[in-house]
Amino acid sequence: MLRIKFWRIENVLLMKVLEQGDEIERGLFHFSASNGVDIKSAFNPQMRLDVLYIRGDNEDIDDEEIDNKVVHFDCEDERKAKILLNRYIEAVKEYNSTLPVENKDTDDIEIVIAE
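With positions in the sequence shown counted from 1, the corresponding number in my numbering is that position plus 38.
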């Protein structure tokens, strides 16, 4: 399961990976959502236009500071930030829907939008 906390402050999006399930192989994971957003594991969490990089192959370093840092992405304006935020949320939900259902809380994604 993938749980990500997102924030939006004006035109800036922020992200923190809260949980990344063992089914996600660090450094080798790639999921393409139907809305065009890709979720990939990389060295460390990052946000790019239409790409979320989650915890990657820095596991050998055992650096929780890197894995748990809050990252940001600057959009052109607030409207585009709102659209991109919704696309990111949809992509995470779509990925989680591909996993076997263990309980009713599998769709739990924390979202905080500061307006």
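Every residue gets a Cβ at the ideal spot worked out from N, C-alpha and C, and that includes glycine.
Item, Value
"Can you list the alpha helix (DSSP H) stretches of 4 or more residues lying completely in the stretch 59-123, in chain order?", "102-105"
"Is the beta carbon of Asn82 sitting closer than 8 Å to the one on Ile104?", "yes"
"Can you tell me whether Ile121 is buried or exposed? The criterion is at least 16 other CB atoms within 10 Å of its CB, across all chains shown.", "exposed"
"Excluding the 5 residues preceding and the 5 following Asn73 in the sequence, name in chain order all residues of the same chain whose CB lies nearer than 7 Å to its CB.", "Arg125, Glu128, Ala129"
"Is it true that the CB of Leu51 sits closer than 8 Å to the CB of Glu123?", "Here residue 123 is Leu; the residue named in the question, Glu, does not match the sequence. Yes, Cβ-Cβ distance for Leu123 and Leu51 is below 8 Å."
"Across which residues does DSSP place Val50 in a beta bridge pair?", "Ile47, Asp112"
"From Asn106, Arg64, Glu114, pick the residue whose C-alpha is nearest to that of Phe86; which is it?", "What sits at residue 86 in the sequence shown is Arg, not Phe. With distances taken between Cα atoms, Arg86 lies closest to Glu114."
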